[in-house]
Amino acid sequence: MLNLKKFFPFVLILGLLPALLNAQAPQLSREELEHRKKELQREIDEANEALKTTKRSTKESLSQLRALRDKITLRTRLINNINEEINFINGDINSAYRDIKTLEKDLDTLKSQYAQLVVYAYKNRSTYDMLNFIFSAETFNDAIKRYQYLKQYRDYRRRQADNILETRVLLSKKIESLQEQKEKRSGTLKVEQEQRSILEVDKKEKDKVLTNLKGREKELLADINKNKKDAQRVQSAIQAVIRREIEIARRQAEEEAAAKRKAAADEKRKRDEAAKKAAALAAANAAAAANAAKNNTNNAVAENKPDPKPVDPPPAPKPPAPEPEKPVRTENVLEATPEALALSESFESNRGKLPWPVTSGHIIGHFGRQQHAVIERITVENDGVIIGTSRGAAVRAIFQGEVRTVAVIPGGGSLVIIRHGQYFTNYARLQSVSVRTGDRVSTGQLIGTAGTNELENLGEVELQIYRGVQKQNPEFWIRKK
Numbered sequence: 000m001l002n003l004k005k006f007f008p009f010v011l012i013l014g015l016l017p018a019l020l021n022a023q024a025p026q027l028s029r030e031e032l033e034h035r036k037k038e039l040q041r042e043i044d045e046a047n048e049a050l051k052t053t054k055r056s057t058k059e060s061l062s063q064l065r066a067l068r069d070k071i072t073l074r075t076r077l078i079n080n081i082n083e084e085i086n087f088i089n090g091d092i093n094s095a096y097r098d099i100k101t102l103e104k105d106l107d108t109l110k111s112q113y114a115q116l117v118v119y120a121y122k123n124r125s126t127y128d129m130l131n132f133i134f135s136a137e138t139f140n141d142a143i144k145r146y147q148y149l150k151q152y153r154d155y156r157r158r159q160a161d162n163i164l165e166t167r168v169l170l171s172k173k174i175e176s177l178q179e180q181k182e183k184r185s186g187t188l189k190v191e192q193e194q195r196s197i198l199e200v201d202k203k204e205k206d207k208v209l210t211n212l213k214g215r216e217k218e219l220l221a222d223i224n225k226n227k228k229d230a231q232r233v234q235s236a237i238q239a240v241i242r243r244e245i246e247i248a249r250r251q252a253e254e255e256a257a258a259k260r261k262a263a264a265d266e267k268r269k270r271d272e273a274a275k276k277a278a279a280l281a282a283a284n285a286a287a288a289a290n291a292a293k294n295n296t297n298n299a300v301a302e303n304k305p306d307p308k309p310v311d312p313p314p315a316p317k318p319p320a321p322e323p324e325k326p327v328r329t330e331n332v333l334e335a336t337p338e339a340l341a342l343s344e345s346f347e348s349n350r351g352k353l354p355w356p357v358t359s360g361h362i363i364g365h366f367g368r369q370q371h372a373v374i375e376r377i378t379v380e381n382d383g384v385i386i387g388t389s390r391g392a393a394v395r396a397i398f399q400g401e402v403r404t405v406a407v408i409p410g411g412g413s414l415v416i417i418r419h420g421q422y423f424t425n426y427a428r429l430q431s432v433s434v435r436t437g438d439r440v441s442t443g444q445l446i447g448t449a450g451t452n453e454l455e456n457l458g459e460v461e462l463q464i465y466r467g468v469q470k471q472n473p474e475f476w477i478r479k480k
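The following block contains the structure:
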């Protein structure tokens, strides 16, 4: 009798392949990486345009140095971004190598097993042996099982052949993918080397500009002192306007409070007079009621009638339910009216979401104390942010409010101050103004044009934000680019 247990398939290897075959780096991370790469390239292009504009000047300027430093910073970040991309590709290549080794091993195993099956089938190719195996069964059910057994065996051989073919196809695709990843890595490495070469050129140009600027230290110091005096004049004007606004609001609040006190006193006097009249009337009514009661008592005694039953007073009304308490807000004279309070709260709710005052621009002077770009021992103090833009660029209000002052500051250009409840936005260094004191403006409304910095050959506007008399960092309030 044929003993198929000896020759039955060894271990079935199905088409279940490692999950790494199609594994990739997280798609979201790659998308973020590509998005960051595009954003960096866009910012580099903007820095190049800014540099071209400043190079039109006959001599080096701080804007050139600033644009070159921005380019170097952005290009360094771009190179780091490319290196992260290369790391992803290296991970794909290593994964592909592991998958190829696994597939090759699986293919060898499948081939070996299939060869043994072919040899066995050749040795037992006689139809007599198969029939003898079936008909030697003791029962009919046993014969059916043996027939199914042989049928499964033939199916297994066919599946083994299919697995070999599928594994070969997968191996071929994986090898092709590996080659593509190698070519992609080669191209990315080439781009990385090109960026490094450009970075070295930018660094050399930056060093040259910096050296030339250091040779003009006296001129730069004079410009620093001039800007400092101009900023002081602008700051004095702004502080004077804010103090005036606070004083006006304080007087209005006092007048309103006095009017309320007078109205309350008049109301109290009226209530007292009404109370006196009511008391007199009540006393007269009480005397009349007492006389009537006395007469009724005498009549009741005379007629032997019982006294009338006292009438119960009506139930007292229930007190109204207390209203939920609102969060306490620090009292501020600039928020004395409901309109001013609503405007302040709306301004606060837009922190970090306010638009820029210009359509296209970048910050060339950050808020607070900053080290000078050329003279390291010197620091400059900015009361807001200085935004570089194109000459004559449109300047717009970053939030709705009321124009409280339009003024011309010697050395500081035109100044527009807009009030938003207890907040003030100040637009300095303007070339022209298109609003007047008392105008109500909406968010994004045109208020003027940017001034021109002849020394740096670009347009600029300074944005300041105040909460009362306290300076705020505008970079925390406007949108991030």
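In numbering that gives the first Met the number 0, the protein residues as written are 0 to 480.
For every residue, glycine included, the Cβ atom is placed at its ideal position computed from N, Cα and C.
Note that the structure is a prediction, hence the values are computed from the model and not measured.
Handout entry: CB of L445 within 7 Å of CB of A393, strictly
Key = A393 sits close to L445, with the two beta carbons spaced by under 7 Å.
Handout entry: Backbone secondary structure at A396 - three-state DSSP
Key = DSSP, reduced to helix, strand and coil, places A396 outside both helices and strands of the structure shown, so it counts as coil.
Exercise for the section: Report yes if the CB atom of E334 is closer than 7 Å to the CB atom of G420, and no otherwise. Expected result: A distance below 7 Å separates the beta carbons of E334 and G420.
Handout entry: Neighbourhood of D91 by C-beta, 6 Å cutoff - its chain only, sequence neighbours within 5 removed
Key = When the five nearest sequence neighbours on each side are left out, the beta carbons in the same chain lying within less than 6 Å of the beta carbon of D91 are those of Q180, in order along the chain.
Exercise for the section: Identify which residue in S441, F346, S345, A248 has its Cα closest to the Cα of T336. Expected result: Comparing alpha-carbon positions, the option among S441, F346, S345, A248 lying closest to T336 turns out to be A248.
Handout entry: Span of the beta strand (DSSP E) around L429
Key = That run of the beta strand (DSSP E) goes 422-432.
Practice task
Using a threshold of 7 Å, state whether the C-beta atoms of I78 and Q234 are closer than that.
Solution key: No, these two residues do not count as a Cβ contact at 7 Å.
Handout entry: N47 (DSSP reduced to helix, strand or coil)
Key = In this structure, DSSP gives N47 a helical state, which the three-state scheme calls helix.
Practice task
Apply the 10 Å Cβ neighbour rule to K225 and answer buried if 16 or more other Cβ atoms are within range, or exposed otherwise.
Solution key: Label assigned to K225: exposed.
Practice task
List the residues that DSSP assigns as beta-bridge partners of G367.
Solution key: DSSP output for G367 lists N381 as bridge partner(s).
Exercise for the section: Could you tell me the distance, in whole angstroms, from the CA atom of I245 to the CA atom of S196? Expected result: The alpha-carbon atoms of I245 and S196 are separated by roughly 58 Å.
Handout entry: Closest by C-alpha distance to A239, when choosing among N425, E380, V200, A396
Key = Between A239 and the set N425, E380, V200, A396, the nearest pair of CA atoms involves N425.
Practice task
Could you check the C-alpha separation between G387 and Y96 for me, to the nearest Å?
Solution key: Cα atoms of G387 and Y96: separation of roughly 52 Å, rounded to the nearest angstrom.
Exercise for the section: Go to E461, then tell me how far its alpha helix (DSSP H) extends in each direction, as first and last residue. Expected result: For E461, there is no enclosing alpha helix (DSSP H); the residue is found in the beta strand (DSSP E) stretching over 457-466.
Practice task
Would you mind giving the Cβ-Cβ distance between L462 and R390, rounded to the nearest angstrom? I have them listed as a contact below 8 Å.
Solution key: Wrong, their Cβ atoms sit about 18 Å apart, outside the cutoff.
Exercise for the section: For the beta strand (DSSP E) containing S413, list its first residue and its last residue. Expected result: Unbroken beta strand (DSSP E) run through S413: 412-419.
Problem - Validate contact between the region 158-170 and the region 97-105 using beta carbons, cut 8 Å, 3 pairs - result: Yes, since at least three Cβ pairs between the region 158-170 and the region 97-105 fall closer than 8 Å, the two stretches touch.
Practice task
Please indicate yes or no: does the CB of I99 lie closer than 6 Å to some heavy atom of the ligand NAP?
Solution key: Because no ligand of any kind appears in the structure shown, any question about the ligand NAP cannot be addressed here.
Exercise for the section: Following the continuous alpha helix (DSSP H) through A530, name the residue where it begins and the one where it ends. Expected result: What is shown of the chain runs 0 to 480, which leaves residue 530 out entirely.
Practice task
Indicate the three-state DSSP secondary structure (helix, strand or coil) for R439 in the structure shown.
Solution key: R439 carries a strand assignment under DSSP once its states are collapsed to helix, strand and coil.
Practice task
On the DSSP bridge assignment, give the partners of K36 in chain order.
Solution key: Its beta-bridge partners do not exist; DSSP assigns none.
Practice task
May I ask which residues mark the beginning and end of the beta strand (DSSP E) holding K470?
Solution key: DSSP places K470 inside the beta strand (DSSP E), whose first and last residues are 469-471.
Exercise for the section: Can you check DSSP and say which residues form a bridge with G447? Expected result: Within the DSSP bridge table, the entry for G447 names V394, V432 as partners.
Practice task
Report the option in Q40, I464, N452 whose CA atom is closest to the CA atom of I416.
Solution key: Distances from the alpha-carbon of I416 to those of Q40, I464, N452 put I464 closest.
Problem - For L32, the nearest candidate out of L353, I81, A281, E48 (CA to CA) - result: Nearest Cα to L32 within the set L353, I81, A281, E48: I81.
Practice task
Determine the burial state of Q251: buried for a count of at least 16 other Cβ atoms within 10 Å of its Cβ, exposed for fewer.
Solution key: Around the C-beta of Q251, fewer than 16 other C-beta atoms lie within 10 Å, and the residue is accordingly described as exposed.
Problem - Nearest-angstrom beta carbon gap, R428 and E459 [assumed within contact, 8 Å] - result: So it is a contact: roughly 6 Å between Cβ atoms.
Handout entry: Closest by C-alpha distance to P354, when choosing among V373, R395, H371, I385
Key = Taking each of V373, R395, H371, I385 in turn and checking the Cα distance to P354, the smallest one comes out for R395.
Practice task
Quick one: using the 10 Å Cβ neighbour count with 16 as the cut-off for buried, is L11 buried or exposed?
Solution key: In this predicted model, L11 has a pLDDT of only 34, less than 50, meaning its place in the structure is not dependable; the value taken from the coordinates is given anyway. That one is exposed.
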